[in-house]
Amino acid sequence: MNRFRENALIGVSWACGLILSGIFFLLVAYLAHQGAGVIDVKLLFGETPPLQALLLQQRVFDGLFPAMVGTFLLVCLSIVLAVPLGVATGIYMAEYAGARVKNLFNLVFDVLAGIPSILVGLFGFALAIFLHKHFSNRIQPCLLISALALAFLVLPYIIRTTQAALEGIPGETRLTALALGATKPQNLFHVLIPQSLSGMLSGLILAIGRCAEDTAVIMLTGVVVTAGVPTSLLGPYEALPFYIYYISSQYAGPEELLRGYGASLILLLLCTMLFFAAFLIKKRLTYLALYRP
Amino acid sequence: MIGPSERATERILLVSAAVSASVTVLILGFMLVMALPLLRGGGLFSLLTQHWEPGKGLYGIYPLLVTTAGISSLSLLLAFPLSLGCACLIGLYGQRPPGTLLRRIVQLMTGVPTVVYGFVGIFVLVPLIREFFQTGSGMCLLTGALMLSVLIAPTMILFFQDSFERVPRSHLAAADALGADRAQKLLYVVLPAARRGILVGVILAFGRAAGDTLIALMLAGNAVQVPGSVLDSVRTLTAHIALVIAADYESPEFRSIFACGLILYLFITVITVLVRRLAMPESGERP
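Quick note, the sequences are listed as chains A and U, same order. The opening residue of the first sequence carries number 6 in the working numbering; numbering runs sequentially from there. The opening residue of the second sequence carries number -10 in the working numbering; numbering runs sequentially from there.
What follows is the structure, given as structure tokens:
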């Protein structure tokens, strides 16, 4: 009787594992099958000569180039906005906050981490309306507003990874410099932060992935289907995930649909690569930090 | 003893933390202010119970609430056994290929863009459902729930697995001493001890499912109605927010999306507090 339960557990576990990995491989195989043949220079640049497109001399119409540039700029901007604030907050939480403040802020950041991305997008949208009404009517949903909203979306990730990396440093390492007469900031900047760099970096890369893939935030804060390469922070822009969403519901013909597959595959590859980068950095840098010659 | 530069450092860090924390409050504030005209004078009750018929001046979000609850529950129902099974497989073969490989795949799945799940769902799952049930467009509550379950499964698996690993070594050593094999240890020691962790994982996954936008938006059909069956086309709270783009920023139609936002915000807060309550006494620290 009991033997049966134990065997059933093993059997069911195997079945579940196979089903889930099966779903994942089907998804990847399907996208690779449909999209691999499409990925070439023409997918990115359409009929425009690549060099002229890259130098921004000529606009790309039937290619993914503007969307990729848009996503790239968006990611860079939001990371630039989010990292200083997030890292500083993480350091405060790990090194300075008293027990009660820490408890309260932990709750606040947990809530922030849980807020659905569409709400962050809605917030960005409302912010744009608010600024439009009260400050300058040049402000509308745009690249800058999207980047700001995305920065808020990934802020809790960066805080958490920074905090966790610092808190993971063993007590002896923490005390050595202090015992030698270093001040608290000296200890922080010369010992603790270098020690926890790998954890912070892998968190950063995961945040980049989150920025690159998120669709819900940007669809409310200024992304459009055709805008070309963005020329101003206050203007509309294109982005890869939104392009995929748009194609899935509005594709005009098989050629556009194929471009959608290509875009999906590119986005999937990008996120997978970021994932492995985060993974490797965590391993490699930890190794470097621990076994320095 | 504390020098000025030390104090400055601390002050800068404190200000950063305060700014970060205020973002959370600011989001709530914006939702509240924008939704306020609708909520005033008993508006909340009619908002939560009425139907959505802008033509007749009805802006209730009752159908959206029911749909969000329904689609999240169904996806959880589908994903929970699958996730528990996967977590058990990783638990059974911890350091050996089946376990490590599956763990790697699951981690990788957490990085797959939601929009890609939606895209593949439209071109693979939707036709399948349409052919199989021979009804409608194939975009329905069931399709959304199926894809959502794939989305939330990795979250649950990693959380379950984490709580398995936090079972004290001494318990396992005791089972070893009694001659228990892998399956026996998992079934009689690890699973009962990790019960609370499993509950927390389920609650987190429920929040994730209710908060996701793209899957429901792309696969569930987006008709505003109380679902009568799993094959009905439906719209969730999140998809509603994404879809209403009103030209008039003062209209009740536009205000209603902030009410949706407010409800989602409060829901997530409740879930967060619940998770913290449940997770705290077990480990003595944050989940």
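Each residue gets a CB set at the ideal place from its N, CA and C atoms; glycine is no exception.
Proximal residues, the segment 103 to 120 of chain A versus chain U, C-beta separation under 9 Å: Val106, Leu109, Phe110, Asn111, Leu112, Val113, Phe114, Asp115, Val116, Leu117, Ala118, Gly119, Ile120
Start-to-end residues for the alpha helix (DSSP H) that takes in A:His139: 122 to 139
C-alpha distance - U:Ala172 paired with A:Asn7, whole-angstrom precision: 11 Å
Below-9 Å beta-carbon distance, A:Cys276 vs any chain U residue: yes
Inter-residue spacing [alpha-carbon to alpha-carbon] between A:Leu202 and U:Gly127: 48 Å
Of the listed residues U:Ala248, U:Pro216, U:Ser218, U:Pro87, nearest to U:His229 (C-alpha basis): U:Ala248
Test: A:Phe135 CB closer than 9 Å to a CB of chain U: yes
Endpoints, the alpha helix (DSSP H) within which U:Ile16 is located: -7 to 28
U:Glu(-5) at chain A interface by Cβ criterion, 9 Å: yes
Where U:Thr202 meets chain A, residues with beta-carbon distance less than 9 Å: Pro121, Ser122, Ile123, Gly126, Thr220, Ala221, Met224
U:Gly200 vs A:Ile123 beta-carbon contact at 9 Å: yes
Sequence-distant residues of its chain with Cβ nearer than 8 Å to A:Gly16 (five each side left out): none
Under 9 Å from the C-beta of U:Arg265: neighbouring residues of chain A: Asn111, Leu112, Asp115
Span separating the alpha-carbon of A:Leu90 from that of U:Leu167: 53 Å
Within-9 Å CB hit, A:Ile96 to chain U: yes
Cβ pair A:Thr220, U:Pro143 closer than 9 Å: no
Own chain, CB closer than 8 Å to U:Ile246, minus 5 neighbours either side, in chain order: His229, Ile230, Val233
CB contact check: U:Cys75 to chain A, cutoff 9 Å: yes
Stretch pair the segment 64 to 75 of chain U + the segment 122 to 140 of chain U: three plus CB contacts closer than 8 Å: yes
The segment 74 to 93 of chain A / the segment -10 to 6 of chain U touching (three or more Cβ pairs under 8 Å): yes
Where A:Leu59 falls: helix, strand or coil (DSSP): helix
Beta-carbon spacing of A:Arg64, A:Val234 below 9 Å: yes
Reduced DSSP secondary structure (H/G/I, E/B, other) of A:Tyr242: strand
DSSP bridge partner residues for U:Leu47 (one or two, in chain order): U:Glu42
Counted within 10 angstroms of its Cβ, other Cβ atoms place A:Thr231 as buried (16 or more) or exposed: exposed
Residue-chain proximity (A:Trp19, chain U), Cβ-Cβ < 9 Å: yes
Within chain A, partners of U:Gln173 - CB distance below 7 Å: Glu11
Span separating the alpha-carbon of U:Gly49 from that of U:Val264: 30 Å
Under the three-state DSSP convention, the category U:Val115 falls into: helix
Residue closest to A:Tyr35, alpha-carbon to alpha-carbon, out of U:Cys129, U:Phe108, U:Trp41, U:Ala164: U:Phe108
Three-state class that DSSP yields for U:Gly83 in the structure shown: coil
Proximity below 9 Å, CB of A:Leu171 to CB of A:Ile198: yes
Chain-ordered neighbours of A:Ala257 on chain U, where CB pairs are closer than 7 Å: None at all; the shortest Cβ gap to chain U is about 16 Å.
For U:Pro181, the nearest candidate out of U:Leu220, U:Ile192, U:His160 (CA to CA): U:His160
Any chain A beta carbon closer than 9 Å to U:Leu3: yes
Integer Cβ distance of U:Leu175 from U:Leu81, believed to fall under 8 Å: 6 Å
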